[in-house]
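Novice: full-length UniProt numbering puts the sequence shown at residues 1 to 638.
Using N, Cα and C, we set each Cβ at its ideal position, and we do this for glycine too.
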Amino acid sequence: MSGPLTPLPDDDLNTGSQSFYASRSPPSVRQSSSSWGETSPWGAPPPSAAAPTLPSSSGFQLNDQEVPPSYRTRWEALEPIQDAISLAALRGVLSSGGIKSSAIDQILSLTVTSPRITRTTFYTSLALLALAQLHRELSLEAVREAAREGGLLVPTLPSVSSAGGSTMTTSYDPPSYVRSESAGDAWGSLAGGGGGSGFGATSQPKTNGHSSTPSLSYPTTTSNGFSNSLPSSSSPPHDEEPHDRLPEPAEGLGYDPTTEGWALGRQKTVEVQMRDELEGMLGWRHNTWFVACEQGPTVQRRYSDFTWLLTCLTKRYPFRMLPSLPPKRVQIAGNYLATDDLFLERRRMGLKRFLGFCVNHPVLKEDGLVKVFLEEQEDLSTYRSRTSITLEEESLSRVLTPSEEMSIPSDLSTKLTSFHSRLPSLIEHWTRITSIADRLAHRRLNQGGEYLKMGEALKGAVEVEQGGWRTVEVEEVEREEGLVGQGVERVGGRERDSARRMLDSTVEELKRHRELYTNFRDLFARQVALSPDAVDKLKRRVESNLKKLSTLRDSPPTPATTTQFDVLSTQISIDQRSIATLLNRRVFIRYCMWQELLFLFRSTSLVKPLVREWVSQEERAAKGLVGVWEELGSALGE
Numbered sequence: 001m002s003g004p005l006t007p008l009p010d011d012d013l014n015t016g017s018q019s020f021y022a023s024r025s026p027p028s029v030r031q032s033s034s035s036w037g038e039t040s041p042w043g044a045p046p047p048s049a050a051a052p053t054l055p056s057s058s059g060f061q062l063n064d065q066e067v068p069p070s071y072r073t074r075w076e077a078l079e080p081i082q083d084a085i086s087l088a089a090l091r092g093v094l095s096s097g098g099i100k101s102s103a104i105d106q107i108l109s110l111t112v113t114s115p116r117i118t119r120t121t122f123y124t125s126l127a128l129l130a131l132a133q134l135h136r137e138l139s140l141e142a143v144r145e146a147a148r149e150g151g152l153l154v155p156t157l158p159s160v161s162s163a164g165g166s167t168m169t170t171s172y173d174p175p176s177y178v179r180s181e182s183a184g185d186a187w188g189s190l191a192g193g194g195g196g197s198g199f200g201a202t203s204q205p206k207t208n209g210h211s212s213t214p215s216l217s218y219p220t221t222t223s224n225g226f227s228n229s230l231p232s233s234s235s236p237p238h239d240e241e242p243h244d245r246l247p248e249p250a251e252g253l254g255y256d257p258t259t260e261g262w263a264l265g266r267q268k269t270v271e272v273q274m275r276d277e278l279e280g281m282l283g284w285r286h287n288t289w290f291v292a293c294e295q296g297p298t299v300q301r302r303y304s305d306f307t308w309l310l311t312c313l314t315k316r317y318p319f320r321m322l323p324s325l326p327p328k329r330v331q332i333a334g335n336y337l338a339t340d341d342l343f344l345e346r347r348r349m350g351l352k353r354f355l356g357f358c359v360n361h362p363v364l365k366e367d368g369l370v371k372v373f374l375e376e377q378e379d380l381s382t383y384r385s386r387t388s389i390t391l392e393e394e395s396l397s398r399v400l401t402p403s404e405e406m407s408i409p410s411d412l413s414t415k416l417t418s419f420h421s422r423l424p425s426l427i428e429h430w431t432r433i434t435s436i437a438d439r440l441a442h443r444r445l446n447q448g449g450e451y452l453k454m455g456e457a458l459k460g461a462v463e464v465e466q467g468g469w470r471t472v473e474v475e476e477v478e479r480e481e482g483l484v485g486q487g488v489e490r491v492g493g494r495e496r497d498s499a500r501r502m503l504d505s506t507v508e509e510l511k512r513h514r515e516l517y518t519n520f521r522d523l524f525a526r527q528v529a530l531s532p533d534a535v536d537k538l539k540r541r542v543e544s545n546l547k548k549l550s551t552l553r554d555s556p557p558t559p560a561t562t563t564q565f566d567v568l569s570t571q572i573s574i575d576q577r578s579i580a581t582l583l584n585r586r587v588f589i590r591y592c593m594w595q596e597l598l599f600l601f602r603s604t605s606l607v608k609p610l611v612r613e614w615v616s617q618e619e620r621a622a623k624g625l626v627g628v629w630e631e632l633g634s635a636l637g638e
């Protein structure tokens with residue numbers, strides 16, 4: 001390992017407590033932490049134009065007696081387990097109502113206090129969904145008032161048949177929504193203190209001849225530096241996004257037993273074959289690989305194209321599991337040490353596993369560069385020369401939803417530390433398992449070859465004996481020698497076929513499984529190297545600049561002090577943005593580590609069909625060999 005695992009502090013944000021969803025107020029109206037509790041030296045700023053604070057849930061929930069029958073029908077249609085459904089299932093119901101994602105997040109923040117959604121929480125969410133479809137204010141007070149008067153609205157949702165034949169539907173047709181171009185503005189106007197500012201910057205009257213200082217309200221942080229209430233976005237909007245930008249992964253990539261089950265489905269495969277002829281100029285010859293994905297075109301790629309793809313994925317997804325490439329050939333004095341067919345075959349299978357991981361990973365398979373690598377017909381060097389490629393880190397372009405933040409367990413650090421301690425032993429054992437299986441297969445392959453050689457030798461001996469005079473008794477021996485020669489050739493053919501099947505299926509799947517652990521080991525190494533940030537340094541600098549501003553406030557106004565004041569105010573605003581972005585990044589790293597850990601454990605479900613298929617192959621191979629020997633024995637006994 002490259003070093004000790006950097007602990008990921010447990011974050012109150014992810015405990016599922018009511019405080020997180022009950023008070024998601026804008027940063028400008030939140031109370032700062034102890035280290036940021038000092039008010040502005042220029043006095044309290046006037047209220048900003050930020051969005052109002054969402055009302056608290058106050059524990060209000062609807063029950064069976066207060067809701068229409070269609071609410072209960074919809075609940076039963078979701079087939080709750082232990083009278084609860086998943087957060088992903090609730091989000092799916094809300095999404096089918098045709099409302100904006102911001103409205104869905106607001107509904108969840110008003111009602112959800114746990115990853116397990118109870119019946120009463122579901123009823124309350126449906127009532128809020130009906131209000132959102134009618135463009136009414138979303139508040140629990142409105143739901144409470146409607147329930148008191150017996151006039152709860154029924155939302156428009158896809159019909160669900162029930163035992164009673166009722167369906168949840170109304171005549172209301174939800175309109176289609178178009179995202180506002182300014183919706184992604186995370187910061188807004190710093191000068192005007194508009195509602196888009198993530199820091200509550202407000203305009204203040206001039207004091208002592210100086211312009212006002214920006215508001216310094218930070219998202220509340222715990223002692224470990226993680227934000228308890230983060231801005232809703234950490235990146236400015238992009239007017240035009242190139243086709244190779246980071247994808248928007250589907251929500252809920254983690255394991256959810258109520259929606260997707262534990263076991264992974266059928267894995268996609270990518271075929272990789274080596275071109276027969278070398279390409280390139282004399283002295284710079286290289287191998288070229290044909291790559292073909294399922295139902296996709298066949299493209300030609302060099303080994304350097306694979307290394308380019310891995311480099312790009314590492315820059316984009318440093319906190320995701322990434323596949324490894326087979327090693328390059330060692331060259332001494334212009335001569336390669338490994339040029340045999342076995343090396344090239346192992347490289348081919350390694351490249352196949354590399355691409356197989358990419359097309360089956362829930363995030364990497366949606367990446368634009370992966371699709372370009374598999375589908376772009378022209379040479380990739382030409383493509384790179386004419387295309388602008390964005391390689392920004394995933395955390396800068398991806399904003400977690402409240403449900404995704406809530407999915408992070410509070411004891412994530414404990415889970416990761418436990419797995420980290422077991423990882424070296426897991427890698428060691430699975431490496432031994434893979435090596436033994438590979439040796440068994442090659443030993444069987446060699447044994448099959450020996451049987452074939454024995455059959456040829458027996459037939460050769462019979463041919464020599466038949467070339468001259470021999471007694472009648474010798475002719476009987478020759479007949480049996482010929483039968484044995486044919487029999488062992490059949491045995492050798494079956495042995496070699498069985499060995500090749502084992503190498504192509506069992507051994508390759510074992511290598512794929514072993515590489516899951518080595519890939520996570522590399523992920524731990526990247527987390528140690530890349531997760532540290534400059535939040536503490538930036539906070540100290542902001543505190544120092546605040547003290548300087550306080551001193552300037554009491555100094556006589558001069559052109560020099562005014563200029564210095566403006567410079568310090570601008571620097572404070574910039575540092576505020578950086579701190580919020582880095583706090584968001586910390587939470588995103590925790591989310592990625594949790595999702596990758598879940599994906600690794602779900603990937604172990606593929607071992608079950610692997611061992612079953614291996615046992616089945618061995619059983620068929622053994623029965624086939626027994627049949628051959630029995631036939632040979634019967635022939636010799638006649």
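1) Report the rounded CA-to-CA distance for residue 623 versus residue 456, giving the unit in angstroms.
2) If I measure Cβ to Cβ from residue 346 and keep anything under 7 Å in the same chain, skipping five residues before and after, which residues do I get?
3) What's the C-alpha gap between residue 127 and residue 434?
4) Helix, strand or coil: which one does DSSP assign to residue 486?
5) Check whether the stretch 66-75 and the stretch 387-394 touch, using three or more Cβ-Cβ pairs below 8 Å as the test.
6) Please report the residue range of the beta strand (DSSP E) in which residue 596 lies.
7) With respect to the alpha helix (DSSP H) encompassing residue 419, which residues constitute its N-terminal and C-terminal limits?
8) State whether the stretch 453-472 contacts the stretch 518-531, with contact taken as three or more CB pairs (one from each stretch) at a distance under 8 Å.
9) Flag residue 529 as yes when its Cβ comes closer than 7 Å to any non-hydrogen atom of the ligand GTP, and as no otherwise.
10) Run through DSSP, which three-state label would residue 348 get?
11) Let's test the definition: count the other Cβ atoms within 10 Å of the Cβ of residue 224 and tell me whether it reaches 16, buried, or not, exposed.
12) Can you check which of these residues, 278, 286, 294, 275, is closest to residue 266 by C-alpha distance?
13) Verify the CB distance criterion: does residue 305 have a CB-CB separation below 8 Å to chain D?
14) In chain order, which alpha helix (DSSP H) runs of at least 4 residues are fully inside the stretch 350-381?
15) To the nearest angstrom, report how far apart residue 487 and residue 629 are at their CA atoms.
16) With a Cβ-Cβ cutoff of 8 Å, do residue 61 and residue 121 count as a contact?
17) Using only the alpha-carbon positions, how far apart do residue 384 and residue 317 sit?
18) Count the C-beta pairs between the stretch 506-519 and the stretch 444-451 that are closer than 8 Å, then say yes if the count reaches three, no if not.
19) Run the CB neighbour count on residue 151, radius 10 Å, all protein chains shown included, and call it buried at 16 or more, exposed below.
20) When the distance is taken between beta carbons, is residue 306 closer than 8 Å to residue 343?
21) Which of the three DSSP states, helix, strand or coil, is assigned to residue 135?
22) Have a look at residue 481 and residue 489 and give me their C-alpha separation to the nearest angstrom.
23) So is residue 135 buried or exposed if we call it buried at 16+ other beta carbons inside 10 Å?
24) What three-state label does DSSP hand residue 321 in the structure shown?
25) Mind checking who residue 270 pairs with in its DSSP beta bridge?
26) Is residue 95 closer than 8 Å to residue 104 when the C-beta atoms are compared?
27) On a Cα-Cα basis, can you pick out the residue from 85, 479, 399 that is closest to residue 584?
28) When you compare only the Cα positions, how much space is there between residue 408 and residue 595?
29) Please work out which residues of its chain come closer than 6 Å, Cβ to Cβ, to residue 292, disregarding the five sequence neighbours upstream and downstream, and give them in chain order.
30) Thinking C-alpha only, which one of 412, 91, 477 is nearest residue 636?
31) Taking the alpha helix (DSSP H) that residue 302 falls in, what are its first and last residues?
32) Flag this pair as yes or no: are the beta carbons of residue 494 and residue 322 separated by less than 8 Å?
33) Spell out the partners DSSP gives residue 116 in its beta bridges.
34) Taking buried to mean at least 16 other C-beta atoms within 10 Å of its own C-beta, is residue 436 buried or exposed?
35) Could you give the residue range of the alpha helix (DSSP H) that holds residue 286?
36) Taking residue 97 and residue 157 to be in contact with their CB atoms under 8 Å, please state how far apart those CB atoms are, rounded to whole angstroms.
Specialist: Straight from the coordinates:
1) Locating residue 623 in the sequence shown gives position 623, counting from the first residue. Locating residue 456 in the sequence shown gives position 456, counting from the first residue. So the alpha carbons of these two residues sit roughly 24 Å apart.
2) Start at 1 with the first residue of the sequence shown, and residue 346 comes out as number 346. Shown here for residue 346: same chain residues with a beta carbon closer than 7 Å to its own, the five before and five after excluded, namely 326 in chain order.
3) Counting from one through the sequence shown, the residue named residue 127 turns up at place 127. Counting from one through the sequence shown, the residue named residue 434 turns up at place 434. Approximately 56 Å, taken between the alpha carbons.
4) On the sequence shown, position 486 is the one that residue 486 refers to. If DSSP states are grouped into helix, strand and coil, residue 486 belongs with the helices.
5) no
6) Numbered from its first residue, the sequence shown carries residue 596 at position 596. From DSSP, residue 596 is part of no beta strand (DSSP E) but of the alpha helix (DSSP H) over 559-603.
7) For the purposes of this step, residue 419 is identified with residue 419 of the sequence shown, where counting begins at 1. It spans 412-465 - the alpha helix (DSSP H) in which residue 419 sits, taken as one unbroken run.
8) no
9) The ligand GTP is not among the ligands present in this structure, which contains no ligands whatsoever.
10) For the purposes of this step, residue 348 is taken as the residue at position 348 of the sequence shown. Three-state DSSP puts residue 348 in a helix.
11) The sequence position of residue 224 within the sequence shown is 224, counting from 1. Unreliable positioning characterises residue 224 in this predicted model, as indicated by a pLDDT of 37, which lies under 50. The coordinate reading is nonetheless provided below. It is exposed - the Cβ of residue 224 has fewer than 16 other Cβ atoms within 10 Å.
12) Counted from its first residue, the sequence shown places residue 266 at position 266. Checking every option, the nearest Cα to that of residue 266 belongs to 294.
13) Of the protein chains in the structure, only one exists, and it is not chain D.
14) 368-375
15) Residue numbering aside, residue 487 sits at position 487 when the sequence shown is read from its first letter. Residue numbering aside, residue 629 sits at position 629 when the sequence shown is read from its first letter. Distance between the alpha carbons of residue 487 and residue 629: 7 Å.
16) Working through the sequence shown from its first residue, we reach residue 61 at position 61. Working through the sequence shown from its first residue, we reach residue 121 at position 121. Against a cut-off of 8 Å, the Cβ pair of residue 121 and residue 61 comes out as a contact.
17) Here residue 384 is taken as the residue at index 384 of the sequence shown, counted from 1. Here residue 317 is taken as the residue at index 317 of the sequence shown, counted from 1. Going from the Cα of residue 384 to the Cα of residue 317 covers about 19 Å.
18) no
19) The count along the sequence shown starts at 1 and reaches residue 151 at position 151. Here residue 151 is exposed. Its C-beta has fewer than 16 other C-beta atoms within 10 Å.
20) On the sequence shown, residue 343 is found 343 positions in, with the first residue counted as 1. On the sequence shown, residue 306 is found 306 positions in, with the first residue counted as 1. The answer is no: Cβ separation not under 8 Å.
21) Locating residue 135 in the sequence shown gives position 135, counting from the first residue. Residue 135 falls in the coil class under three-state DSSP.
22) Position 481 of the sequence shown holds residue 481. Position 489 of the sequence shown holds residue 489. Going by the C-alpha atoms only, they are around 12 Å apart.
23) Start at 1 with the first residue of the sequence shown, and residue 135 comes out as number 135. With fewer than 16 Cβ atoms within 10 Å of its Cβ, residue 135 is classed as exposed.
24) If you number the sequence shown from 1, residue 321 lands on position 321. Reduced to three states, the DSSP call for residue 321 is coil.
25) Working through the sequence shown from its first residue, we reach residue 270 at position 270. 293, per the DSSP bridge assignment.
26) Here residue 104 corresponds to residue number 104 of the sequence shown, with the count starting at 1. Here residue 95 corresponds to residue number 95 of the sequence shown, with the count starting at 1. Yes, these two residues count as a Cβ contact at 8 Å.
27) Position 584 of the sequence shown, counted from the start, is the residue given in the question as residue 584. It is 399 whose Cα lies nearest to the Cα of residue 584.
28) Within the sequence shown, numbered from 1, the residue matching residue 408 stands at position 408. Within the sequence shown, numbered from 1, the residue matching residue 595 stands at position 595. Approximately 9 Å, taken between the alpha carbons.
29) Residue mapping note: residue 292 aligns to position 292 of the sequence shown, counting from 1. The residues are 271, 298.
30) As a working mapping, residue 636 is identified with position 636 in the sequence shown. That would be 477, whose Cα lies nearest to the Cα of residue 636.
31) As a first step, residue 302 must be located in the sequence shown, where it is residue number 302. Note, residue 302: premise wrong, no alpha helix (DSSP H); not H, not E.
32) The count along the sequence shown starts at 1 and reaches residue 494 at position 494. The count along the sequence shown starts at 1 and reaches residue 322 at position 322. Cβ distance not < 8 Å, so residue 494 and residue 322 don't count as in contact.
33) Numbered from 1 along the sequence shown, position 116 holds the residue referred to as residue 116. DSSP, once it has assigned bridges, lists 86 as partnering residue 116.
34) Here the question's residue 436 lines up with position 436 in the sequence shown. Exposed is the call here.
35) Position 286 of the sequence shown, counted from the first residue, corresponds to residue 286. Here residue 286 belongs to no alpha helix (DSSP H), and DSSP marks it neither H nor E.
36) Along the sequence shown, read from residue 1 onward, the residue named residue 97 stands at position 97. Along the sequence shown, read from residue 1 onward, the residue named residue 157 stands at position 157. Correct: roughly 6 Å between the Cβ atoms.
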